[in-house]
Structure formats: C-alpha cells, structure tokens
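Counting from 6, one number per residue, gives the positions in the sequence shown under our numbering.
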Amino acid sequence: MKVVVVGGSMAGLACAHALFSAGCKQVIVLEKARTLKSAGAGLALDSQTCQALAEWQLHQQLMDSTLPLTIDQNQATESKSKATRVLARDENFNCRAAHWSDLHKLLYDKLPRDTVHWGHEVVSFRQSGDGLGVTVEVKMAQTDQTIEIDGDLLVAADGSMSLIRKHFVPHQHRRYLGYCAWRGVFDYSKNDSPEMVASIKKVYPDLGKCLYFDLAKGSHSVFYELHGKRINWLWYVNQPEPHMQMNSLTAKVDKIAIEKMHEEASETWVPELSALIKATPEPFINVLYDREPLKQFVWGHVVLVGDAAHPTSPHGVRSTNMSIMDASVLGQSIAKWGFDKISTALAEYESIRLPVTSQQVLYSRHLGLLKQGFLFDPPHSFPWFEADADLCEQLLQRNMPFFKSHS
Ligand SMILES: Cc1cc2nc3c(=O)[nH]c(=O)nc-3n(C[C@H](O)[C@H](O)[C@H](O)COP(=O)(O)OP(=O)(O)OC[C@H]3O[C@@H](n4cnc5c(N)ncnc54)[C@H](O)[C@@H]3O)c2cc1C
C-alpha cells in the first residue's frame with residue numbers, strides 16, 4: 006500500500022505518523038513550501054490529542070516544548086471604567102499550550118528522513134477507472150518540472166483552501182465570520198521588559214497555566230503563555246470583510262493600522278493587557294472564515310483530513326486538535342481493517358469523524374458569535390455585567406461537543 010499525503014502541515018505530518026503506526030511501509034508527504042519554516046503562533050492541545058501524540062512516541066518532546074493549560078477563564082472588561090468581572094472559570098481544563106512551529110518541528114523530526122518532500126506542489130490528481138489507484142501531478146519548485154506520482158490511497162491534508170476538496174465539492178465557498186483577529190507573540194526571553202511582564206502577571210496571576218479570555222463590547226481577546234517565555238495573544242475585532250487575495254488568510258498591515266490598533270487597545274483593555282499588545286513587534290491580522298460541514302470525507306481511495314475536511318473558526322481551539330484526531334482515527338481504522346479492506350477502513354473513519362467535526366465546527370462558530378456579541382439585540386452587546394450563570398457557562402470550552410472524547 007503506497008499512501009500519498011498532500012500537505013505537510015499538522016494534519017499531513019500527523020497522518021504520516023498514524024499510517025506508519027498502522028503498519029504502512031510507504032508514505033510520502035508532498036508539501037509545496039520549500040523548507041520547514043519557523044512560522045505561526047500559539048495553539049492549545051487537548052488531552053485526547055496529547056494522548057494520540059503519546060501513542061506516536063512523542064510524549065516527552067511534547068511535555069518539554071509545551072506549558073500546561075489547566076484553567077479556562079472568561080472575564081468581562083468594561084472599557085470605560087476598566088472594571089473587570091470573572092464570568093466563568095474551569096479549573097480542570099487539562100490542555101497544553103504549544104507554539105505552532107515547535108509542534109510542527111516535533112512531528113517532522115520524528116518521521117523517517119525521506120518521508121516529506123518539500124517544494125512539491127500537487128497541481129492536479131486523477132483516480133483510476135476502478136477507483137483503486139490515484140495519480141498526482143506534482144510541480145517541483147527546484148526544477149520547475151512536473152512529475153507524476155502514483156499511489157493506492159490519497160490523503161488530502163492540503164488545508165482550508167484544499168484543491169482536492171474543491172474537485173469533489175466545487176461550489177462550496179468560505180464564509181467570512183464577520184470579524185478579524187489581530188495577533189502576535191511577545192517574547193520576553195531576553196528579559197527586556199521585566200516591569201511589563203511583572204505587571205501583567207500581577208493582574209493575570211494564572212498566566213503560565215491559564216487560557217485567559219477577556220470580553221469587551223463587540224470584541225474579545227485571548228492570551229496565554231507558551232514555552233520559552235513567550236506570550237501568545239489574539240484580539241478579535243468586528244469589521245466588514247477586508248479585500249483579500251485569493252487563498253490568502255493573512256491581511257497586510259501597515260504602520261498606520263498598527264498605531265490605530267494600539268490606540269483602540271488602550272481604549273478597550275486594562276492597561277496591562279494593552280501594554281502587552283503594544284509591546285509585541287510585528288502583529289498581524291488573520292481574516293477569519295469557516296465553511297459549512299461537508300456530507301462526506303471519502304471518495305473512493307481519496308480521503309480528506311484536517312482543515313481540508315472541516316475548516317473551522319478558532320474559538321473552540323479545534324483545528325489542530327481535529328487534525329491530529331483525524332489522523333489518529335484514520336490510522337486506527339486502517340490498523341483494524343488492514344489494507345485489503347481499505348474501503349471499509351475509510352468508511353469507518355468517515356463515520357466516526359464526520360459527526361464529531363461537524364458539531365465542533367458549528368459549536369466553534371456559535372462561541373465566536375456569542376463572544377463577539379452578535380447574538381444579542383442590539384448587536385455587539387453581550388450583557389456581560391448582568392449575564393446569568395447559564396449564559397456564562399456557555400463560554401467555557403468544556404461545552405464543546407465531544408470535548409472529553411472525540412468519538
Ligand atoms: C505556516 C503555518 C502556520 C500556522 N500557524 C498557526 C498558529 O499559530 N496557530 C493555529 O492555531 N494554527 C496555525 N496554522 C493553521 C493550523 O496548522 C491548521 O489550522 C490546523 O492545524 C489544520 O492543519 P492542516 O494541516 O489541516 O492545514 P494547514 O495547516 O493549513 O496546512 C495545509 C498544508 O498543505 C500545504 N498545501 C496546500 N496545498 C498544497 C498543494 N496543492 N500541494 C502541496 N502542499 C499543499 C500548505 O502549504 C500547508 O502546509 C498554521 C498553518 C500554517 C501552514
């Protein structure tokens with residue numbers, strides 16, 4: 006059985022681990038980026054995902070490169086007076102905070118050396134007449150040549166703008182969520198802002214183990230600490246959809262936009278949080294989209310995983326968790342049924358992952374609408390200071406469907 010994986014980010018590399026663990030001898034990952042990059046920012050890994058990584062012998066490296074996230078706390082900030090109120094707190098959150106690059110490198114380093122082929126962009130693919138074989142056409146960045154590669158199974162891990170999903174579901178478009186995220190990572194490892202760090206830790210004493218959400222009118226922010234003395238933050242701002250280049254998710258920002266964002270941070274957040282935002286070099290904007298859940302993930306010997314299968318909004322901290330669990334379940338189904346019964350294995354994968362990921366995508370969308378105040382009348386006005394216990398409870402990650410068990 007030769008498996009061709011398209012995309013060498015989280016879902017693709019996790020699938021390679023899962024397929025090797027399932028006994029597959031030939032797995033190649035085709036990634037259009039030319040090299041392993043240091044990119045991205047923070048993400049939260051839940052306990053199921055950490056367990057899957059441990060099953061691929063990555064437990065120790067994971068512990069060494071991540072910090073605990075044992076608390077999920079949501080609080081409201083009244084921007085004028087800067088008064089704050091804790092709305093909901095879960096002290097059994099049981100997640101880990103990782104930097105995207107650290108996790109990506111960890112997954113990459115533990116694969117056999119010749120697994121990932123950088124600078125290999127899949128430009129088209131076809132299935133054989135009997136549906137049992139797949140051929141991909143690959144453009145190689147180094148030579149500009151195009152080659153063909155055959156496989157018995159094609160795993161589409163090519164992200165939210167997936168070429169392979171588009172082939173099967175051509176008319177489904179991404180949905181703009183109604184807001185964008187400013188984001189950045191503040192690195193204090195060189196200890197050049199000791200007072201700022203001390204003052205933020207005074208106001209947010211659980212930094213280092215807490216996923217902090219701050220909610221203001223029509224807006225919310227998230228921040229948490231990463232391994233290596235880095236603080237990851239995001240700030241969601243309601244606005245019309247910016248004009249974007251096809252396939253792009255990151256909007257360009259200039260000095261004026263950053264200055265304006267800094268001013269608004271001072272107006273919106275407590276001084277310690279706005280100081281963190283202002284001290285972060287090179288903040289950037291993610292334009293946020295999701296898609297309606299699909300009705301299938303498998304077409305013959307082609308299977309969708311990760312963001313290619315279920316692009317989601319970030320509020321349920323799901324995308325990387327879902328990708329790794331897709332890989333884990335795919336590997337387990339193949340190990341259970343064997344390569345002779347690959348169609349049964351793929352059907353089982355789909356039957357387990359489709360309901361879980363569909364509900365998680367929809368709940369994550371709901372969390373975003375709730376926290377950005379879209380669900381209230383007038384809009385942007387969640388009644389933070391009058392909210393009752395039931396409404397506050399909805400803010401917590403533990404209400405995500407299948408949060409404790411992915412299947
Ligand atoms: C560089 C980078 C940095 C990121 N940083 C963060 C972060 O800080 N926090 C966070 O929560 N999420 C981040 N993400 C997104 C996160 O990885 C995903 O949302 C989630 O983990 C699902 O992963 P995925 O592998 O399905 O999709 P993606 O991470 O989007 O990966 C898709 C991969 O497929 C490759 N690809 C696409 N088309 C082709 C093709 N035709 N041929 C070959 N390769 C192709 C892309 O280059 C990419 O590497 C980042 C993604 C990338 C690529």
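Note that the Cβ used here is the ideal one computed from N, Cα and C, for glycine as well.
C-beta atoms of residue i and residue j nearer than 9 angstroms
{"i": "N326", "j": "L50", "result": "yes"}
{"i": "G183", "j": "Q377", "result": "yes"}
{"i": "L58", "j": "I329", "result": "yes"}
{"i": "D157", "j": "L137", "result": "yes"}
{"i": "A413", "j": "R39", "result": "No answer is possible for residue 413: it lies beyond the span of the chain, which begins at 6 and ends at 412."}
{"i": "Y209", "j": "S226", "result": "no"}
{"i": "P73", "j": "K214", "result": "yes"}
{"i": "V322", "j": "L48", "result": "yes"}
{"i": "P316", "j": "Q364", "result": "no"}
{"i": "D312", "j": "S167", "result": "yes"}
{"i": "G305", "j": "L24", "result": "no"}
{"i": "T362", "j": "L231", "result": "no"}
{"i": "S333", "j": "E60", "result": "yes"}
{"i": "L216", "j": "C100", "result": "yes"}
{"i": "I169", "j": "V11", "result": "yes"}
{"i": "Q53", "j": "K409", "result": "yes"}
{"i": "D77", "j": "L401", "result": "yes"}
{"i": "H5", "j": "N237", "result": "Nothing can be reported for residue 5, as the shown portion of the chain is limited to 6 through 412."}
{"i": "F387", "j": "L372", "result": "no"}
{"i": "R403", "j": "D95", "result": "yes"}
{"i": "A280", "j": "M201", "result": "yes"}
Nearest candidate by alpha-carbon position, reference residue i, set the options
{"i": "S84", "options": "G321, Q244, A284, L220", "result": "L220"}
{"i": "G45", "options": "R235, R94, T89", "result": "R235"}
{"i": "A413", "options": "K42, A93, M15", "result": "Residue 413 lies beyond the range of the chain shown here (6 to 412); nothing can be said about it."}
{"i": "S204", "options": "A186, S328, L278", "result": "L278"}
{"i": "A431", "options": "L35, H172, I154", "result": "No statement about residue 431 is possible, as the shown extent of the chain runs from 6 to 412 and does not include it."}
{"i": "M68", "options": "A394, H104, D119, E246", "result": "H104"}
{"i": "V128", "options": "L309, D135, V121, T140", "result": "T140"}
{"i": "L367", "options": "K144, R180, D163, C100", "result": "R180"}
{"i": "K7", "options": "V91, S52, D345, D395", "result": "D345"}
{"i": "L41", "options": "G124, S165, P245, Q78", "result": "G124"}
{"i": "L359", "options": "A262, L299, D95, Q65", "result": "L299"}
{"i": "F191", "options": "A284, G343, Q62", "result": "A284"}
{"i": "S165", "options": "L309, Q65, H267", "result": "L309"}
{"i": "E287", "options": "P276, Q65, V303, E264", "result": "E264"}
{"i": "E246", "options": "M201, C397, L293, T89", "result": "L293"}
{"i": "F289", "options": "P276, M266, F302", "result": "M266"}
{"i": "Q177", "options": "E297, F379, P384, D395", "result": "E297"}
{"i": "I63", "options": "A88, F228, L116, P199", "result": "Note that residue 63 is Leu in the sequence shown, not Ile. The shortest Cα separation from L63 among A88, F228, L116, P199 belongs to L116."}
{"i": "G233", "options": "Y193, V91, I261, M249", "result": "Y193"}
{"i": "H102", "options": "P199, L212, E269", "result": "This sequence places Ala at residue 102; His is not what is there. Of the listed residues, the one whose Cα sits closest to A102 is L212."}
{"i": "F379", "options": "K144, F130, S224", "result": "S224"}
{"i": "S43", "options": "S106, D331, N404, H22", "result": "S106"}
{"i": "F1", "options": "H320, P199, H248", "result": "There is simply no residue 1 to check, as the chain begins at 6 and stops at 412 in what is shown."}
{"i": "F98", "options": "N79, R90, A88", "result": "N79"}
{"i": "K87", "options": "M249, G343, P276", "result": "P276"}
{"i": "A394", "options": "V91, K144, I339", "result": "V91"}
{"i": "V174", "options": "S26, P383, F302", "result": "F302"}
{"i": "S26", "options": "F381, C397, I339", "result": "I339"}
{"i": "A270", "options": "P383, L239, Q66", "result": "L239"}
{"i": "P22", "options": "P383, D331, D382, L396", "result": "The question names Pro, but residue 22 in the sequence shown is His. Among P383, D331, D382, L396, the Cα nearest to that of H22 is on D331."}
{"i": "D163", "options": "F130, Q150, C397", "result": "F130"}
Min CB distance residue i to chain D below 9 angstroms
{"i": "D197", "result": "Judged by its chain identifiers, the structure shown contains no chain D, having just a single protein chain."}
Inter-residue CB distance, residue i and residue j (contact presumed, cutoff 8 angstroms)
{"i": "S324", "j": "R370", "result": "At roughly 13 angstroms, the Cβ-Cβ gap does not stay under 8 angstroms, so S324 and R370 are not in contact."}
{"i": "V121", "j": "G13", "result": "5 angstroms"}
{"i": "A81", "j": "W274", "result": "In fact, because the Cβ distance is near 12 angstroms, the residues do not count as touching under 8 angstroms."}
{"i": "V307", "j": "Q132", "result": "7 angstroms"}
{"i": "E126", "j": "K37", "result": "4 angstroms"}
Inset, instruction - Note down, one range per segment and in chain order, each alpha helix (DSSP H) of at least 4 residues found wholly within the segment 380 to 410. - result: Correct list: 394 to 398.
Legend entry - Sufficient close CB pairs (3 or more, under 8 angstroms) joining the segment 347 to 360 to the segment 210 to 224: The segment 347 to 360 makes no contact with the segment 210 to 224: fewer than 3 CB pairs, one atom from each, lie closer than 8 angstroms.
Legend entry - Cβ pair count under 8 angstroms reaching 3, the segment 12 to 23 against the segment 111 to 128: Because the criterion of three Cβ pairs below 8 angstroms is met, the segment 12 to 23 and the segment 111 to 128 touch.
Inset, instruction - Determine, using beta-carbon pairs with one atom in the segment 33 to 40 and one in the segment 331 to 351, whether at least three such pairs fall under 8 angstroms. - result: Judged by Cβ distances under 8 angstroms, the segment 33 to 40 makes no contact with the segment 331 to 351, as fewer than three pairs qualify.
Legend entry - the segment 241 to 260 contacting the segment 179 to 196, beta-carbon criterion three pairs below 8 angstroms: The segment 241 to 260 makes contact with the segment 179 to 196, as at least three CB pairs between them are under 8 angstroms.
Legend entry - Runs of beta strand (DSSP E) wholly within the segment 167 to 243 (minimum 3 residues, chain order): Uninterrupted beta strand (DSSP E) stretches at least 3 residues long and entirely within the segment 167 to 243 occur at 180 to 192, 215 to 221, 224 to 231, 235 to 243, given in chain order.
Inset, instruction - Taking only runs that begin and end inside the segment 243 to 296, name each unbroken alpha helix (DSSP H) of 4 or more residues, in chain order. - result: Counting only runs of 4 or more, we get 260 to 273, 276 to 284.
Legend entry - Start-end ranges of the beta strand (DSSP E) lying completely within the segment 78 to 115, minimum 3 residues: The segment 78 to 115 contains these whole beta strand (DSSP E) runs: 88 to 95, 100 to 104.
Legend entry - Secondary structure, alpha helix (DSSP H): runs of 4+ residues fully inside the segment 34 to 84: Counting whole runs of 4 or more residues, the segment 34 to 84 contains the alpha helix (DSSP H) stretches 52 to 60, 64 to 70.
Inset, instruction - Pick out the complete alpha helix (DSSP H) segments inside the segment 315 to 372, 4 residues or longer, and give them in chain order. - result: Within the segment 315 to 372, the complete alpha helix (DSSP H) runs of at least 4 residues are 324 to 342.
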